[in-house]
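K.L.:
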Amino acid sequence: QITLKESGPTLVKPTQTLTLTCTFSGFSLSTGGVGVGWIRQPPGKALEWLALIYWNDDKRYSPSLKTRLTITKVTSKNQVVLTMTNLGPVDTSTYFCAHLRHPFDVWSAYDYWGQGTLVTVSS
Amino acid sequence: QSVLTQPPSVSGAPGQRVTISCTGSSSNIGSGYDVHWYQQVPGTAPKLLIYGSTNRPSGVPDRFSGSKSGTSASLAITGLQAEDEADYYCQSYDNSLSASDFVLFGGGTKLTVL
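Residue numbers (our numbering), protein chains in the order written: chain A, 84 to 206; chain B, 319 to 432.
1) Can you check DSSP and say which residues form a bridge with Glu403 (chain B)?
2) DSSP state of Lys149 (chain A), grouped into three classes?
3) At least one CB of chain A closer than 8 Å to the CB of Phe420 (chain B): is that the case?
4) Within its chain, find whatever has a CB closer than 7 Å to the CB of Tyr178 (chain A); leave out the 5 residues flanking it on each side and keep chain order.
5) By the 10 Å Cβ neighbour count, where 16 or more other Cβ atoms means buried, how is Leu101 (chain A) classified, buried or exposed?
6) Closest to Thr427 (chain B) by C-alpha separation, out of B:Val336, B:Pro332 and B:Ala331, would be which residue?
7) Grab the span of the beta strand (DSSP E) containing Leu112 (chain A) for me, first residue to last.
8) With the cut-off set at 8 Å, would you say Thr389 (chain B) and Thr323 (chain B) are in Cβ contact?
9) According to DSSP, which residues form a beta bridge with Trp121 (chain A)?
10) Mind checking who Ala394 (chain B) pairs with in its DSSP beta bridge?
11) In whole angstroms, what is the alpha-carbon distance linking Met167 (chain A) and Ser327 (chain B)?
12) Could you tell me whether any Cβ in chain B is nearer than 8 Å to the Cβ of Gly91 (chain A)?
13) So with CB distances below 7 Å, who are the chain A contacts of Ala363 (chain B)?
14) With DSSP collapsed to three states, give me the class of Lys96 (chain A).
15) Would you identify the three-state DSSP class for Thr158 (chain A), choosing helix, strand or coil?
16) Please check if any C-beta of chain A sits within less than 8 Å of the C-beta of Phe281 (chain B).
17) Going by C-alpha distance, which of A:Ser206, A:Tyr193, A:Val204 and A:Ser205 is nearest Asp356 (chain B)?
18) Look at the alpha carbon of Leu174 (chain A) and the alpha carbon of Ala134 (chain A), and state the distance between them as a whole number of angstroms.
19) Report buried or exposed for Ser176 (chain A), applying the criterion of at least 16 other Cβ atoms within 10 angstroms of its Cβ.
20) Looking at C-alpha atoms only, which residue of A:Leu87, A:Lys96, A:Ala129 and A:Thr153 is the closest neighbour of Ser206 (chain A)?
21) If contacts are defined as beta-carbon pairs under 8 Å, then Glu131 (chain A) and Phe423 (chain B) qualify, I think. What distance do you get, rounded to the angstrom?
22) Could you work out which residues of chain D lie near Gln409 (chain B), taking near to mean beta carbons separated by less than 7 Å?
23) Please work out which residues of its chain come closer than 7 Å, Cβ to Cβ, to Gln84 (chain A), disregarding the five sequence neighbours upstream and downstream, and give them in chain order.
24) First and last residue of the beta strand (DSSP E) that includes Gly330 (chain B)?
25) Name, in chain order, the residues that DSSP records as bridge partners for Ser191 (chain A).
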């Protein structure tokens, strides 16, 4: 059974850096084709895709946020980490991590999602 | 950045059929990329409803179906039930930026069961 869970700070000050961790079970990022993505959702608004990392450390980013995002993996701990720099109030969102359904396909659906973690950016 | 356009809201009575559209462009749906659909009850994580434009994951009732044509896709829900009241999102992929392709979500549609 695949599960994912996000963790990190709930409150971050403007201009600070956010680090979120996705801890998962039921699959391994050492398996060929496996990918884990991050998606966020501002309160009352739509989903926004942020980044994706593959088993082979290939990474993809949202073009609009690429300069501020870094996605990494700690395979031995079954974790994926997302870092976002220079936060502003518009970054206040629930951040989700999710498992890529089809191996290798960056355009694949996400079939398992974490519960999400709400991050508020405020001084 | 490219967009996937969904109607902000749709509604229907129990037992009725509703459809939710997702309109893209030649750089995403029109390029042949699959469309996926998610259901999200407010306060919870999205749930995958349809993948690969027309396929249902196991456990999703056959009341939910997806289709795709040209630069658009649709989600149809038949035999509407109160529990279907939720937000629905489409997802596809876009290659409009030469330096990098990206995943795209629609703006979401709120389904109200009357």
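Beta carbons: idealized from backbone N, C-alpha and C, even for Gly.
None of these values were measured; they are calculated from a predicted model.
P.N.:
So, from the data block:
1) DSSP, once it has assigned bridges, lists no residue as partnering Glu403 (chain B).
2) helix
3) Output row for Phe420 (chain B): interface = yes.
4) Glu89, Leu103, Trp121, Arg123, Gly199, Thr200 and Val202
5) Looking at its Cβ environment, which holds 16 or more other Cβ atoms inside 10 Å, Leu101 (chain A) is buried.
6) B:Val336
7) No beta strand (DSSP E) contains Leu112 (chain A), which DSSP labels as neither H nor E.
8) Inclusion of Thr389 (chain B) and Thr323 (chain B) in the CB contact set at 8 Å is not warranted, their separation being larger than that value.
9) A:Ala134 and A:Cys180
10) Partner(s): B:Thr337 and B:Ser383.
11) 32 Å
12) no
13) Phe179, Trp196, Gly197, Gln198 and Gly199
14) coil
15) helix
16) Because chain B is modelled from 319 through 432, residue 281 (chain B) falls outside the range shown and cannot be assessed.
17) Checking the sequence, you will find Tyr at residue 356 (chain B) rather than Asp. Selected option, being the one with the closest Cα: A:Tyr193.
18) A small fix is needed here, since residue 174 (chain A) is Asp in this sequence, not Leu. Cα-Cα distance, rounded: 15 Å.
19) buried
20) A:Lys96
21) 7 Å
22) Judged by its chain identifiers, the structure shown contains no chain D, and its protein chains are A and B.
23) Gly109
24) Ser327 to Gly330
25) Partner(s): none; Ser191 (chain A) has no beta bridge.
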